[in-house]
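Taking the numbering used here, the leading residue of the sequence shown gets 19, the next gets one more, and so forth.
Notes to accompany the following structure.
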Amino acid sequence: MNAMNIRSAQERDAQAVTDIEAVAFETDWTGYAGLESSISNGDVLVAEVDDRVVGFCVILCRQGKSTASLKTIAVSPSVAGRGFGTALLNAAEKEVFLRGYRLLRLEVRADNHRAIRFYLRAGFRRTGFKPNYYADGIAAIRMHKRIAGWDWLPGRILEWITFAIARTLRRPR
19 MNAMNIRSAQ
29 ERDAQAVTDI
39 EAVAFETDWT
49 GYAGLESSIS
59 NGDVLVAEVD
69 DRVVGFCVIL
79 CRQGKSTASL
89 KTIAVSPSVA
99 GRGFGTALLN
109 AAEKEVFLRG
119 YRLLRLEVRA
129 DNHRAIRFYL
139 RAGFRRTGFK
149 PNYYADGIAA
159 IRMHKRIAGW
169 DWLPGRILEW
179 ITFAIARTLR
189 RPR
C-alpha cells in the first residue's frame, strides 16, 4: 500500500464517497444532490491510496459565522484503524483554519461510543446533548474543538503554510 493522499474531492469521486457512506452509515446524510453541492463548494475532502478513495469528510463553513461544522467523516472498512480517519480530521481542521474559522463543532450519535472516543482523543469536548436528533430517535452529543489555540499553533505554522501552498497548487483553474 502506497502513501495516503488527502485532497479536495472532485465530481468523479462522488460515487466512491457514496459507496463508503452507504457502508459506514445506516442512513443517508445528504443524498447525492447534497454531495454534489458540497463537492462543488470544496467542502468534501477525500483520502486516497493508489488513486482509490478510501475515506472522506464533509465540512460546512458558512459566511459570517465563527464556527465551522464537521458534518460527517467515514473510511472504508478495508482501511479502518490505520489512521485514515485521524488524517482526514486533521486535514479538515487545517481547511477550516485556512478559511478563517477557529472553532469546529460536530454532532455524533450518542450510541456511537467508538466515534465519541475518537473525537475526545482528538481534543474535542462534549458541549451539549440533543435528544431525538436522528431519524431513528437516537440522541446526539454535540462536541466542539478550538483549532487555533496558542498552545500548538506556533509549532504547526510551517506545516500549515506548506499545506496551503500545496492545496493552492493542486486546485483546478
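Glycine included, each C-beta is placed from N, C-alpha and C at the ideal position.
Note that the structure is predicted; figures quoted are calculated from it, not measured.
For residue i, report the span of its alpha helix (DSSP H) as first-last.
| i | result |
| --- | --- |
| Glu6 | Given that the chain is displayed from residue 19 to residue 191, the structure contains no residue 6 and the question cannot be resolved. |
| Ile38 | Ala32 to Ala42 |
Out of the options, which has the shortest C-alpha to C-alpha gap to residue i?
| i | options | result |
| --- | --- | --- |
| Lys163 | Glu29, Ala86 and Tyr151 | Ala86 |
| Leu138 | Arg160, Arg117 and Pro95 | Arg160 |
| Ala182 | Val126, Arg132, Lys148 and Glu113 | Glu113 |
| Ile2 | Thr36, Gly73 and Arg30 | In this structure the chain extends from 19 to 191, so residue 2 is not present and cannot be described. |
Tell me, which residues are paired with residue i by DSSP?
| i | result |
| --- | --- |
| His162 | Arg123 and Arg143 |
| Cys75 | Leu63 and Ile91 |
Give me the Cα-Cα distance between residue i and residue j, rounded to the nearest whole angstrom.
| i | j | result |
| --- | --- | --- |
| Val62 | Gly99 | 21 Å |
| Ser26 | Glu39 | 17 Å |
| Thr90 | Cys75 | 5 Å |
| Met22 | Val71 | 10 Å |
| Asp68 | Asn20 | 6 Å |
| Ser96 | Asn150 | 31 Å |
| Val41 | Thr145 | 29 Å |
| Ile134 | Gly141 | 11 Å |
| Leu107 | Gly118 | 17 Å |
Taking the beta strand (DSSP E) that residue i falls in, what are its first and last residues?
| i | result |
| --- | --- |
| Asn23 | Asn23 to Ser26 |
### Inter-stretch contact (C-beta, 8 Å, three-pair minimum) for the region 120-131 and the region 81-98
yes
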